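Asker: Numbering (the numbering used here), first residue to last: -14 to 278.
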């Protein structure tokens, strides 16, 4: 099991019933690959997908730096979830993505079930992480509670398609109506101390549009973004990484603060702006994150 010390910028979906696509997804540069058992898999292909994923997750990792998640077909009731857990829980699985969750009790139930499966599979309790897809106004309203329901929670992700269906909004990252929901989800994630993962951009051939979407998501407070095609990964990773100007600013801030002999308190001026400890910490975070591909 891998622990992520920095935010995963790119989360790439790949259909669970398309094993011929697994290697490309895992080699795309994505920080997390989500093998999907939900929307992209037809009912008659679910068992085939489970077998394929079980084989993948029990084999050696293609790239140990890539997190391996599975979006389960159903989050509740447990009887519907059981077959997914039986197929995928093991040392090769980093986490589950839970769809359509708007009740804390669902996460509590899954947490307890995972503890049993981890014990059966010889794992350390708590190893399997959880990412929750927020896909309805109800889920958004209780997003911070969902994030705090289990120490396994690592991310809240915005599921725009279902959210748009529930609200009558367009499932478009240019939608002003969705911008409020996205910002609210990002803030709930920060309040809970988990990663904030932005919605999918459908224009996977239009990288300029994707760059704009990534920039907007970052400005709203997101730390990463869902992807539906390997071609989106590099743009997403680059967009959530500090640019050259930001890194130069961060180096100047840290150097000035250290040369002044300041620690967790004290204020000084850098480039005509006042800098205190929170600003310095942000600068250090940018520099640390820049070390990641």
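By construction, the Cβ of each residue, glycine as well, lies at the ideal position given by its N, Cα and C atoms. Just so you know, these numbers come straight off a predicted model, no measurement behind them.
If you pair each beta-carbon of the segment 67 to 84 with each one of the segment 96 to 106, do three or more pairs fall below 8 Å?
Answerer: Touching, yes, given that three or more Cβ pairs across the two stretches are closer than 8 Å.
Asker: With burial defined as no fewer than 16 other Cβ atoms inside 10 Å of the residue's Cβ, what is the status of residue 16: buried or exposed?
Answerer: The residue given as residue 16 occupies position 31 in the chain shown. The residue is buried, with at least 16 neighbouring Cβ atoms inside 10 Å.
Asker: Considering only the beta carbon of each residue, do residue 312 and residue 38 sit closer than 8 Å?
Answerer: This structure leaves residue 312 out entirely; the chain is present only between -14 and 278.
Asker: Distance check for residue -2 and residue 212, CA to CA, integer angstroms please.
Answerer: In the chain shown, residue 212 corresponds to position 227, counting from 1. In the chain shown, residue -2 corresponds to position 13, counting from 1. So the two alpha carbons sit approximately 6 Å from each other.
Asker: Is the beta carbon of residue -3 within less than 7 Å of some heavy atom of the ligand MG?
Answerer: Looking for the ligand MG in the displayed structure turns up nothing, as the structure carries no ligands at all.
Asker: At 4 residues or longer, what runs of the alpha helix (DSSP H) sit wholly inside the segment -13 to 50?
Answerer: Runs of the alpha helix (DSSP H) inside the segment -13 to 50: 7 to 11, 31 to 42.
Asker: Pick helix, strand or coil for residue 121, following the three-state DSSP scheme.
Answerer: For the purposes of this step, residue 121 is identified with residue 136 of the chain shown, where counting begins at 1. Looking at residue 121 - three-state DSSP - the assignment turns out to be coil, as it is neither helix nor strand.
Asker: Taking residue 112 as part of the beta strand (DSSP E), name the residues at either end of that continuous run.
Answerer: If you number the chain shown from 1, residue 112 lands on position 127. That residue, residue 112, is in no beta strand (DSSP E); it is neither H nor E in DSSP.
Asker: Could you check the C-alpha separation between residue 268 and residue 236 for me, to the nearest Å?
Answerer: Locating residue 268 in the chain shown gives position 283, where the first residue counts as 1. Locating residue 236 in the chain shown gives position 251, where the first residue counts as 1. Taking the straight line from one Cα to the other gives about 7 Å.
Asker: Report the three-state DSSP secondary structure of residue 85 (helix, strand or coil).
Answerer: As a working note, residue 85 is residue 100 in the chain shown. Coil.
Asker: Can you tell me whether residue 259 is helix, strand or coil according to DSSP?
Answerer: By 1-based counting over the chain shown, the position of residue 259 is 274. Note: residue 259 maps to strand in three-state DSSP.
Asker: So does the segment 251 to 268 actually touch the segment 18 to 27, counting three or more Cβ pairs closer than 8 Å?
Answerer: Not touching, per the Cβ criterion.
Asker: I need the straight-line Cα distance from residue -11 to residue 10, nearest angstrom please.
Answerer: Indexing the chain shown from 1 puts residue -11 at position 4. Indexing the chain shown from 1 puts residue 10 at position 25. Low local confidence applies: a pLDDT of 43 at residue -11 is under 50, so the model's placement there is unreliable, and no value is given.
Asker: Where does residue 200 sit, in a helix, a strand or coil, going by DSSP?
Answerer: Numbered from its first residue, the chain shown carries residue 200 at position 215. DSSP places residue 200 in helix when its eight states are reduced to three.
Asker: Is the segment 108 to 122 close to the segment 142 to 155, with three or more CB pairs under 8 Å?
Answerer: Flag = yes, the segment 108 to 122 and the segment 142 to 155 touch.
Asker: Anyone know if the C-beta pair for residue 174 and residue 124 falls short of 8 Å?
Answerer: Looking up residue 174 in the chain shown gives position 189. Looking up residue 124 in the chain shown gives position 139. Result no, Cβ atoms of residue 174 and residue 124 do not sit closer than 8 Å.
Asker: Write down every uninterrupted run of the beta strand (DSSP E) in the segment 57 to 103 whose length is 3 residues or greater and which is fully enclosed by it, in chain order.
Answerer: Listed in chain order, they are 80 to 83.
Asker: What's the call for residue 366, buried or exposed, on a 16-neighbour Cβ count within 10 Å?
Answerer: As displayed, the chain neither begins before -14 nor continues past 278, which places residue 366 out of reach and without an answer.
Asker: Using CA atoms only, rank isn't needed, just tell me which of 2, 241, 162 is closest to residue 258.
Answerer: On the chain shown, position 273 is the one that residue 258 refers to. The shortest C-alpha separation from residue 258 is found at 241.
Asker: Please report how far the alpha carbon of residue 270 lies from the alpha carbon of residue 33, in whole angstroms.
Answerer: For this step, residue 270 is matched to residue 285 along the chain shown. For this step, residue 33 is matched to residue 48 along the chain shown. If you take the alpha carbons of residue 270 and residue 33, they lie about 43 Å apart.
Asker: Is the separation between the beta-carbon of residue 41 and that of residue 57 shorter than 8 Å?
Answerer: As a working mapping, residue 41 is identified with position 56 in the chain shown. As a working mapping, residue 57 is identified with position 72 in the chain shown. No, the Cβ-Cβ distance between residue 41 and residue 57 is not below 8 Å.
Asker: Report the residue from 51, 142, 165 whose alpha carbon sits nearest the alpha carbon of residue 79.
Answerer: For the purposes of this step, residue 79 is identified with residue 94 of the chain shown, where counting begins at 1. Answer by Cα proximity: 51.
Asker: Would you report the Cα separation of residue 176 and residue 207, rounded to the nearest angstrom?
Answerer: Along the chain shown, read from residue 1 onward, the residue named residue 176 stands at position 191. Along the chain shown, read from residue 1 onward, the residue named residue 207 stands at position 222. Computed Cα separation, rounded: 13 Å.
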